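> Numbering of the sequence shown is given in our numbering, commencing with residue 249 and proceeding in unit increments. One structure follows; several queries about it will come next.
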Amino acid sequence: MLERNPNAISKKGLKTTLVGIIISAFLAIIKGLGGIFGHSYALIADAIESASDVLTSAMLWAGLKWSSKPPDENHPYGHGKIEALVAIGIAIALIIAGGIIVRDSIIHIFEPHKSPAPYTLIILVVVVATKELLYRYVLKTGDEINSSAVKADAFHHRSDAITSIAAFIGISIALIGGEGFEIADDFAALIAAGIILFNAYKIARSSVRELLDEAVEPEFRNEVIRLAEAVPEVVRVERCHSRKMGTAFHIDMHIWIDGELTVTEGHDIAHKVKERLFRSYSEILDVHIHIEPSKERNVKMTEL
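See below:
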């Protein structure tokens, strides 16, 4: 049997997450100072969102370290579910950040305050460009290692970019409109909060599905069945289920083989199926195969 090791996959996620933590911390400081001295609550709200990025990315980093631990006696399927739990933690942090922004924005709408300083727009342009690039970088890694937590972190960076765009629009309206339009800055913060809360919902929904072992994409399942049935000795795949464990998959499969074959021959066929699947998908951690005897002669075998 080929041995699978998720550590190499997780290292990619750890590196990407560390980059996100450093950049988000720097941007949170810049936006926070810009918002305070530039009289922009939308920018302060944006800084809160970036600060939550730092917190959730740190949670993700710890989760990836834990989930990459190999299976043990108490966790025979590994620790991959930690990633889904971390993603839910990220969603909760987003909900809290969104709630704080909503509350404070409403308070600021009814309190007179100065118009934002023009230089806050320059800060936001730099932030949007940086966060969009970071989103694409993190999402690419999330797709490569098939990690729901890393993908959630990527969308967190995208939500930060979107809140910065909303802040840019609100501040621009406040500056162009002049006196009486200061609250455009606060309404921009409210829009940003709505986007944050929507992203939190999407992240939580995906993670709960993984925790409940919801069936993976039909395309993946169909391809696994096709690869197994491509082994000449396999008559057909009777059943195929899979569960996602962080960045890895566990496959449970029933295959039909010629009932006249010996136990040893059936054992060898099962390993052929496993090795074919392992070669095709690096994210498959293990394959559990149950052999079913078939009275049918395998057409593929008789043609050889």
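Glycine residues also receive a C-beta, built at the ideal position from the N, C-alpha and C atoms. Owing to the predicted nature of the structure, the values given are computational and were not obtained by experimental measurement.
(1) Would you identify the three-state DSSP class for residue 252, choosing helix, strand or coil?
(2) To the nearest angstrom, how far is it from the Cα of residue 404 to the Cα of residue 284?
(3) In angstroms, rounded to a whole number, what distance separates the CA positions of residue 406 and residue 264?
(4) Write down every uninterrupted run of the alpha helix (DSSP H) in the segment 263 to 317 whose length is 4 residues or greater and which is fully enclosed by it, in chain order.
(5) What would DSSP say about residue 540, mapped onto helix, strand or coil?
(6) If you follow the alpha helix (DSSP H) that residue 385 is in, where does it begin and where does it stop?
(7) With respect to the alpha helix (DSSP H) encompassing residue 480, which residues constitute its N-terminal and C-terminal limits?
(8) Identify every residue that forms a DSSP beta bridge with residue 491.
(9) Considering just the uninterrupted stretch of the alpha helix (DSSP H) at residue 512, what are its terminal residues?
(10) Let's test the definition: count the other Cβ atoms within 10 Å of the Cβ of residue 534 and tell me whether it reaches 16, buried, or not, exposed.
(11) Under 8 Å by Cβ, that's how I've got residue 423 and residue 366 pegged, so tell me the actual separation to the nearest angstrom.
(12) Give me the Cα-Cα distance between residue 281 and residue 296, rounded to the nearest whole angstrom.
(13) Applying the 10 Å Cβ sphere with the 16-neighbour rule, what's the burial state of residue 492?
(14) Report the rounded CA-to-CA distance for residue 275 versus residue 298, giving the unit in angstroms.
(15) One question on the structure: do residue 414 and residue 346 come within less than 8 Å of each other, judged by their Cβ atoms?
(16) Can you list, in chain order, the residues of its chain with a C-beta nearer than 8 Å to that of residue 309? Leave out the 5 residues immediately preceding and following it.
(17) Thinking just about the alpha-carbon of each residue, which of 523, 542 and 427 is nearest to the one in residue 536?
(18) For residue 434, collect the residues of the same chain with a Cβ closer than 6 Å to its Cβ; drop the 5 residues on either side in sequence, then sort them by chain order.
(19) Which residue from 273, 497 and 293 puts its Cα closest to that of residue 439?
(20) From the DSSP output, in three-state form, read off residue 533 for me.
(21) Strictly by DSSP, which residues pair up with residue 503?
(22) Could you compute how far the alpha carbon of residue 330 sits from the alpha carbon of residue 388?
(23) Taking residue 344 and residue 455 to be in contact with their CB atoms under 8 Å, please state how far apart those CB atoms are, rounded to whole angstroms.
(24) Is it true that the CB of residue 301 sits closer than 8 Å to the CB of residue 391?
According to the data block:
(1) Within the sequence shown, the letter at position 4 stands for residue 252. Note that residue 252 has pLDDT 43, beneath the 50 cutoff, so the model's placement of it is unreliable and the number below is only indicative. Coil.
(2) Stepping through the sequence shown from its first residue, residue 404 is reached at position 156. Stepping through the sequence shown from its first residue, residue 284 is reached at position 36. Going from the Cα of residue 404 to the Cα of residue 284 covers about 23 Å.
(3) The residue you call residue 406 lines up with position 158 of the sequence shown. The residue you call residue 264 lines up with position 16 of the sequence shown. One C-alpha to the other measures close to 15 Å.
(4) The segment 263 to 317 contains these whole alpha helix (DSSP H) runs: 289 to 315.
(5) Working through the sequence shown from its first residue, we reach residue 540 at position 292. Reduced to three states, the DSSP call for residue 540 is strand.
(6) Along the sequence shown, one-based indexing puts residue 385 at 137. Per DSSP, residue 385 belongs to the alpha helix (DSSP H) from 367 to 393.
(7) Position 232 of the sequence shown, counting from 1, holds the residue named residue 480. Premise fails: residue 480 is in no alpha helix (DSSP H) and is neither H nor E.
(8) As a position in the sequence shown, residue 491 is number 243, starting the count at 1. Looking at the DSSP assignment, residue 491 forms a beta bridge with 498.
(9) As a position in the sequence shown, residue 512 is number 264, starting the count at 1. Annotation: the continuous alpha helix (DSSP H) that includes residue 512 extends over 511 to 528.
(10) Counting from one through the sequence shown, the residue named residue 534 turns up at place 286. Flag for residue 534 reads buried.
(11) Locating residue 423 in the sequence shown gives position 175, counting from the first residue. Locating residue 366 in the sequence shown gives position 118, counting from the first residue. Confirmed, about 6 Å.
(12) What you label residue 281 is simply residue 33 of the sequence shown in a count that begins at 1. What you label residue 296 is simply residue 48 of the sequence shown in a count that begins at 1. For residue 281 and residue 296, the distance between alpha carbons rounds to 12 Å.
(13) Counting from 1 along the sequence shown, the entry for residue 492 is found at position 244. The C-beta of residue 492 has 16 or more other C-beta atoms within 10 Å across all chains shown, which makes the residue buried.
(14) The sequence position of residue 275 within the sequence shown is 27, counting from 1. The sequence position of residue 298 within the sequence shown is 50, counting from 1. Rounded to the nearest whole angstrom, the C-alpha separation of residue 275 and residue 298 is 7 Å.
(15) Along the sequence shown, read from residue 1 onward, the residue named residue 414 stands at position 166. Along the sequence shown, read from residue 1 onward, the residue named residue 346 stands at position 98. No.
(16) On the sequence shown, residue 309 is found 61 positions in, with the first residue counted as 1. Only residues of its own chain outside the window of five on either side were considered, and among them 262, 265, 266 and 269 have a CB closer than 8 Å to the CB of residue 309, listed in chain order.
(17) Here residue 536 is taken as the residue at index 288 of the sequence shown, counted from 1. In this structure, 523 is the residue among 523, 542 and 427 with its C-alpha nearest to the C-alpha of residue 536.
(18) Along the sequence shown, read from residue 1 onward, the residue named residue 434 stands at position 186. 289, 353, 356 and 357, listed in sequence order.
(19) Your numbering for residue 439 matches position 191 in the sequence shown. Of 273, 497 and 293, the residue nearest in Cα terms is 293.
(20) Here residue 533 refers to the residue found at position 285 of the sequence shown. Looking at residue 533 - three-state DSSP - the assignment turns out to be strand.
(21) Taking the sequence shown and counting its residues from 1, the one referred to as residue 503 is at position 255. Paired residue(s): 485 and 539.
(22) Locating residue 330 in the sequence shown gives position 82, counting from the first residue. Locating residue 388 in the sequence shown gives position 140, counting from the first residue. One C-alpha to the other measures close to 21 Å.
(23) As a first step, residue 344 must be located in the sequence shown, where it is residue number 96. As a first step, residue 455 must be located in the sequence shown, where it is residue number 207. Their Cβ separation, rounded to whole angstroms, is 16 Å, which puts residue 344 and residue 455 out of contact at 8 Å.
(24) As a working note, residue 391 is residue 143 in the sequence shown. As a working note, residue 301 is residue 53 in the sequence shown. No.
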